[in-house]
Amino acid sequence: MALVQSNKNKKKKLISRGPDIQPKQTFTMDQLEKTVEAKKEVVKETVVPEPEYIPKPTTLKIDTRIRDQINALSLIGYGDTQKETLELLINNVLESMTVDERRKFDVQYGVLEDKTRKSGKKK
Numbered sequence: 001m002a003l004v005q006s007n008k009n010k011k012k013k014l015i016s017r018g019p020d021i022q023p024k025q026t027f028t029m030d031q032l033e034k035t036v037e038a039k040k041e042v043v044k045e046t047v048v049p050e051p052e053y054i055p056k057p058t059t060l061k062i063d064t065r066i067r068d069q070i071n072a073l074s075l076i077g078y079g080d081t082q083k084e085t086l087e088l089l090i091n092n093v094l095e096s097m098t099v100d101e102r103r104k105f106d107v108q109y110g111v112l113e114d115k116t117r118k119s120g121k122k123k
């Protein structure tokens, strides 16, 4: 028992924490709500419009069979160029869609258009 020493009788040293820290300015919840509302008004005024969707030229990987079919349709008068021929074919498909199919197409096309807009914004 002599080897065990008890800490009961020893005085504990207090650690100095320094002076109390106080804010320079105090505010109430009413003042905070007013500043939040003022910031919202500023944000509303500085809304940047989304960039316009402008299609850009691109390449499309297709096999020679499809390319030749598009060329043939163009040559027999379905369009002056391959681009016009493809636009005509796409428009014919879109016109023959049901309402549900067209809605699905519009949603998917909107997503891809937004993606293109955002990728153009970064450059």
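In full-length UniProt numbering, the protein residues as written are 1 to 123. Yeah, the Cβ is synthetic: ideal placement off N, Cα and C, and Gly gets one too. Predicted model only: the values in this text are computed from it and were never measured.
Note down the Cα distance separating residue i from residue j, rounded to an integer number of angstroms.
{"i": "V93", "j": "K104", "result": "14 Å"}
{"i": "L32", "j": "Q25", "result": "13 Å"}
{"i": "Y78", "j": "E50", "result": "36 Å"}
{"i": "T28", "j": "T35", "result": "11 Å"}
{"i": "R17", "j": "A38", "result": "39 Å"}
{"i": "K12", "j": "Q22", "result": "28 Å"}
{"i": "V111", "j": "P19", "result": "58 Å"}
{"i": "D80", "j": "S96", "result": "23 Å"}
{"i": "I62", "j": "A72", "result": "15 Å"}
{"i": "K115", "j": "I15", "result": "59 Å"}
Would residue i and residue j qualify as a contact pair, given that the criterion is a beta-carbon distance under 8 Å?
{"i": "T85", "j": "I70", "result": "yes"}
{"i": "E113", "j": "Y53", "result": "yes"}
Using a Cβ-Cβ cut-off of 7 Å (strictly less than) and excluding sequence neighbours within five positions of residue i, which residues of its own chain qualify?
{"i": "G120", "result": "P51"}
{"i": "L88", "result": "Y78, G79"}
Spatial neighbours of residue i within its chain, please: C-beta separation below 6 Å, excluding the five flanking residues on both sides.
{"i": "Q82", "result": "I70, S74"}
Which complete alpha helix (DSSP H) runs does the stretch 16 to 84 hold, if anything under 4 residues is left out?
29 to 45, 64 to 73
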